[in-house]
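S.K.: Numbering (my numbering), first residue to last: 1 to 111.
#1: Enumerated in chain order, which unbroken segments of the beta strand (DSSP E) with a length of 3 residues or greater are wholly contained in the stretch 85 to 111?
#2: Quick one: Cα of residue 74 to Cα of residue 65, how far?
#3: Could I get the ranges of all uninterrupted alpha helix (DSSP H) runs contained in the stretch 4 to 72, with 4 residues as the minimum, in chain order?
#4: So, using beta-carbon positions, are residue 63 and residue 18 closer together than 9 Å?
#5: Give me the residue from 98, 56, 87 with the minimum Cα distance to residue 25.
#6: Can you find at least 3 beta carbon pairs, one from the stretch 77 to 89 and one from the stretch 5 to 21, that sit closer than 8 Å?
#7: When burial is assigned at 16 or more other CB atoms within 10 Å of the CB, is residue 41 buried or exposed?
#8: What's the gap between the Cα of residue 46 and the Cα of residue 69?
#9: With a threshold of 16 other CB atoms inside 10 Å of the CB of residue 79, please say whether the residue is buried or exposed.
#10: Do you know offhand how far residue 110's Cα is from residue 93's?
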């Protein structure tokens with residue numbers, strides 16, 4: 001029985017998009033350089049929603065990586081690595097959406 005491999009194509013690009021999303025928030029080097037923090041400081045945006053506490057906004061901003069990864073992996077599901085990319089990106093995207101939603105609901109209920 002001959003096993004056919006899935007072709008490497010545009011759907012495999014979704015794995016790279018996920019890696020870019022992780023690299024966006026990863027602390028690099030001995031100085032713990034984070035590209036997301038650098039970008040937020042350059043635009044004069046806060047890192048947290050309440051000064052030094054609250055919602056971690058760069059984590060929510062990484063949804064710009066997770067949404068395209070889900071869309072690409074869903075559209076080209078016959079390419080190599082798309083199943084893993086789809087499941088990982090979908091899982092993290094759920095946290096990016098549900099995390100802030102829970103905080104807002106908690107704020108509404110307790111205010």
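Every residue gets a Cβ at the ideal spot worked out from N, C-alpha and C, and that includes glycine.
M.R.: So, from the data block:
#1: none
#2: Mapped onto the chain shown, residue 74 falls at position 74. Mapped onto the chain shown, residue 65 falls at position 65. Taking the straight line joining both Cα atoms gives about 14 Å.
#3: 13 to 25, 35 to 42, 57 to 61
#4: The sequence position of residue 63 within the chain shown is 63, counting from 1. The sequence position of residue 18 within the chain shown is 18, counting from 1. It is not a contact, given that the beta carbons lie outside the stated cut-off.
#5: Here residue 25 refers to the residue found at position 25 of the chain shown. When only C-alpha atoms are compared, the closest one is 56.
#6: Three or more Cβ pairs drawn from the stretch 77 to 89 and the stretch 5 to 21 lie within less than 8 Å of each other, which places the two stretches in contact.
#7: Along the chain shown, read from residue 1 onward, the residue named residue 41 stands at position 41. Exposed, because fewer than 16 other Cβ atoms sit within 10 Å of the Cβ of residue 41.
#8: Within the chain shown, residue 46 is the residue found at index 46, counting from 1. Within the chain shown, residue 69 is the residue found at index 69, counting from 1. Straight through space, the alpha carbons of residue 69 and residue 46 are spaced by roughly 26 Å.
#9: Walking along the chain shown from the start, residue 79 turns up at place 79. Under this definition residue 79 is a buried residue.
#10: For the purposes of this step, residue 110 is identified with residue 110 of the chain shown, where counting begins at 1. For the purposes of this step, residue 93 is identified with residue 93 of the chain shown, where counting begins at 1. For residue 110 and residue 93, the distance between alpha carbons rounds to 26 Å.
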